[in-house]
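*Asks:*
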Amino acid sequence: MFIETNPTPNVGSGLSRPPPITTTSIDVGQRLSKFRNDRGVPQIRIGVREFKCIGISPPQDHPHVYINMGEADTILCPYCATRFCFDPRLTASNADPPDSYFVDDNAA
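Quick note: to get my numbering, add 1404 to the position in the sequence shown (first position is 1).
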């Protein structure tokens, strides 16, 4: 899934609207950091703006959702409502809490 915000105002109405969140099923075709929320914490700090949320560890995981924060510093997963917060001090393979970074042993 792809989450994208669109800053374009509501053309023709004279009113601005908040950016819509659109989801589309796509395969990104690149390795993205994956994060999980096994602890059920309200927010996870991460060092990337493009990533996948898997919910909790397999086999109880939800569909692996591609999320692009864009310029935002926080975003919610549309499946599990975990709040992800960008922290530039962290790397792509780090998170707070630390066990939120998911290592996929089955990835090719």
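Every residue, glycine too, gets a C-beta built ideally from N, C-alpha and C.
In the structure shown, what three-state DSSP assignment does Asp-1503 receive?
*Replies:* In the structure shown, Asp-1503 sits in a helix (DSSP, three-state: H, G or I).
*Asks:* How is Asn-1510 classed by DSSP in three states: helix, strand or coil?
*Replies:* It is coil, neither helix nor strand.
*Asks:* Can you tell me whether Arg-1440 is buried or exposed, with buried defined as 16 or more other CB within 10 angstroms of its CB?
*Replies:* Buried, by the Cβ-count rule.
*Asks:* From Ala-1499 to His-1466, what distance separates their C-alpha atoms?
*Replies:* Using only the alpha carbons, I get a separation of about 19 Å.
*Asks:* Can you give the Cα-Cα distance for His-1468 and Pro-1492, rounded to whole angstroms?
*Replies:* Rounded to the nearest angstrom, the two C-alpha atoms are 23 Å apart.
*Asks:* Expressed to the nearest angstrom, what Euclidean distance is found between the alpha-carbon atoms of Gly-1474 and Val-1452?
*Replies:* Cα to Cα, the separation comes out at about 10 Å.
*Asks:* At the level of alpha carbons, what is the spacing between Asp-1455 and Arg-1443?
*Replies:* The sequence shown places Phe at residue 1455, rather than the Asp named in the question. Whole-angstrom Cα-Cα distance: 19 Å.
*Asks:* On the criterion of 16 or more Cβ atoms from any shown chain inside 10 Å, does Thr-1478 qualify as buried, or is it exposed?
*Replies:* Exposed is the call here.
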